[in-house]
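**Q** Residue numbers (this note's numbering): 30 to 610. Ideal Cβ placement from N, Cα and C applies to all residues, glycine included. Just so you know, these numbers come straight off a predicted model, no measurement behind them.
#1: In or out: residue 270 buried (at least 16 other Cβ within 10 Å) or exposed?
#2: In the DSSP output, what is residue 516 paired with across the bridge?
#3: DSSP three-state call for residue 236: helix, strand or coil?
#4: Is it buried or exposed, residue 474, if we count other Cβ atoms within 10 angstroms and call 16 or more buried?
#5: Give me the Cα-Cα distance between residue 471 and residue 402, rounded to the nearest whole angstrom.
#6: If contacts are defined as beta-carbon pairs under 8 Å, then residue 407 and residue 463 qualify, I think. What distance do you get, rounded to the angstrom?
#7: Who does residue 375 pair with in a DSSP beta bridge?
#8: Assign residue 313 to one of three DSSP states: helix, strand, or coil.
#9: Could you tell me which uninterrupted alpha helix (DSSP H) segments, each at least 4 residues in length, are contained entirely in the stretch 172 to 240, listed from first to last along the chain?
#10: In this structure, does DSSP put residue 52 in helix, strand or coil?
#11: Looking at the unbroken alpha helix (DSSP H) that takes in residue 289, where does it start and where does it end?
#12: With distances taken between CB atoms, is the gap from residue 362 to residue 69 smaller than 7 Å?
#13: Taking just the CA atoms, how far does residue 467 sit from residue 329?
#14: Kindly provide the ranges of any beta strand (DSSP E) runs that are 3 or more residues long and lie completely inside the stretch 424 to 511, ordered along the chain.
#15: In terms of residues, what are the limits of the alpha helix (DSSP H) holding residue 94?
#16: Starting from the Cα of residue 518, find the closest Cα among 499, 541, 532 and give me that residue.
#17: Give the range of the beta strand (DSSP E) segment to which residue 119 is assigned.
#18: For residue 146, which three-state DSSP category applies?
#19: Does the beta-carbon of residue 542 have 16 or more other beta-carbons within 10 angstroms, so that it is buried, or is it exposed?
#20: Can you check whether the CB of residue 63 is closer than 7 Å to the CB of residue 80?
#21: Between which two residues does the alpha helix (DSSP H) containing residue 70 stretch?
#22: Return the chain-ordered list of same chain residues with a C-beta closer than 8 Å to the C-beta of residue 359, the five sequence neighbours on each side being excluded.
#23: When you compare the CB positions of residue 189 and residue 169, do they come within less than 7 Å of one another, or not?
#24: Given a cut-off of 7 Å, decide if residue 36 and residue 333 are closer than it, judged by their beta-carbon atoms.
#25: In angstroms, rounded to a whole number, what distance separates the CA positions of residue 302 and residue 259?
#26: What's the gap between the Cα of residue 537 and the Cα of residue 527?
#27: Count the C-beta pairs between the stretch 215 to 228 and the stretch 170 to 179 that are closer than 8 Å, then say yes if the count reaches three, no if not.
#28: Out of curiosity, what's the CA-to-CA distance linking residue 548 and residue 535?
#29: Taking C-beta to C-beta, are residue 346 and residue 233 nearer than 7 Å?
#30: Going straight from the alpha carbon of residue 553 to that of residue 514, what length do you get?
#31: Rounded to whole angstroms, what is the Cα-Cα separation between residue 111 and residue 311?
#32: For the candidate residues 179, 240, 205, whose alpha-carbon lies nearest to that of residue 386?
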């Protein structure tokens, strides 16, 4: 380590040299390079841009651009150093080739990315089972044939869904949840927790080696505590996990706890309504605490170029005052080679906003095909039959879109649906319904339910005990459940009724003609307001301990093919007059 008065370089820094290799072959010095810039940042794909002097107005041509050297897809490597002692500062592929003409100046601009850029192209959807996040990340990287060094995570996900996002964005969100950062170094992806115990690679001092400097601390990004909350459905209660203090002590003489007292926001709450267990919540809160503390001081420092300063390494600041002196964690570097000079602009500290807050990583609503509809919408049913496509849809007007138009054909989400089976409950024409939209596309509507209001009141009165539930049709056909009485009632508007009552211990069938059948613990009772007939095409057998038959007027028994009355005991036949034959 040097004495901080100079930047330590292998050779004297008075002569900057560089090499550009295309497919492993050094580019000829005949091609004049105007400037080179290389950017590397935590959780981002490394980027390089080389600007060549090219184009002749006299010949009306761009000779270098015409060659097959710098077309997209070519491998490129950029090396920099002093006195021809150079080291690699970028390795990747050319992705963009462009020319510009401004007044009398013309240039060829070549933009390059690390090979990991392949992970950012296109959106993917996948299911992963019984996998740690580190396993998922390794599997994703493996599909691209890239080198990797992935620190193992602890929690095993029973299921994990990747939905319509790039592999890179999905990977970044999973890494950050585990308190990890991603650095990409010349085709190798490294994912691990920040190493804050490492030695600084260089010391930069104001008045000596420091060229430019910006630094800030912001009390709004620090908190006394951070707690993650989730919902445990098996216990029916909130689960919470308070972050363990990472105890980060980097540059400056004001601690994170001192800054947290400025706003005095006692606890930052992270909330997710899903079933996240204690381990997942702990990982979440710990990661949030780590990155918030790493954002305590942020800024940039510019100094003479060296290849050893990379994202994820440490530098030491001197001469910038007690508030900012000390070790800093490097989050991004920018190499600039221009006009014979090489400088490095190093950013320190982490963005307090997470990757998912900083970048738009989700698919566009309605897939971007058209402007999306936001949230649920209220609809009014206008037609039930004659779906022009034969898809069992109904026509629904959506007044907020246009109260006068007939609306759109809408599918119905129902209790059960399948091939020639399922529940069949359609709303009535004029009913108010709630409408959702597949993928937020206003052309693909689904009725999610139907709505009561004061204009269309419910058939039952709500109560906090909520004993009664049921179905009532427009003609007042009823199926009513009562949890207090443990009863079920089926009833027509004309008074026909079936009651199954667990509390009373009866099953009762009755109608509006005073015909009643009652089954209970005393047996079965049948009553009729008029005649009572029993008829069978086969036999009719009655058997009991005792059988009593009584007629208040005449009693008659007849057998067309014969009649028999018998007993093994005494037979009694009485009457005021008994006639036999």
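**A** Short version:
#1: buried
#2: 511, 530
#3: coil
#4: buried
#5: 5 Å
#6: 6 Å
#7: 330, 362
#8: helix
#9: 196 to 206
#10: coil
#11: 285 to 292
#12: yes
#13: 46 Å
#14: 437 to 441, 461 to 466, 474 to 479, 497 to 501, 507 to 511
#15: 92 to 95
#16: 499
#17: 114 to 131
#18: helix
#19: exposed
#20: yes
#21: No alpha helix (DSSP H) holds residue 70; the beta strand (DSSP E) holding it covers 62 to 70.
#22: 338, 339, 340, 341, 342, 343, 344, 375, 376, 377
#23: no
#24: yes
#25: 6 Å
#26: 6 Å
#27: yes
#28: 5 Å
#29: yes
#30: 21 Å
#31: 48 Å
#32: 205
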